[in-house]
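J.: One structure, as structure tokens, below. Some questions next.
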Amino acid sequence: MIPLKDENPTRHRPVITVLLIAACVGIYLFWQPSPL
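Per our numbering, the sequence shown starts with residue 95, numbered consecutively.
What follows is the structure, given as structure tokens:
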């Protein structure tokens, strides 16, 4: 089971995680073949 939430309060937003996901999406879109 993947836990959806827990009782630990978060103090800040997951900035590093969001930036890592955005970088992966950007690299994925960059490496796609362009339609000519």
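No residue lacks a Cβ here, since even glycine has one placed at the ideal position from N, Cα and C.
In the DSSP assignment, the alpha helix (DSSP H) including T104 goes from what residue to what residue?
T.: Per DSSP, T104 belongs to no alpha helix (DSSP H) and is neither H nor E.
J.: Mapping DSSP to helix, strand and coil, what is L114?
T.: Three-state DSSP puts L114 in a helix.
J.: Excluding the 5 residues flanking W125 on each side, which residues of the same chain have their C-beta closer than 7 Å to its C-beta?
T.: The answer is none, since no qualifying residue turns up.
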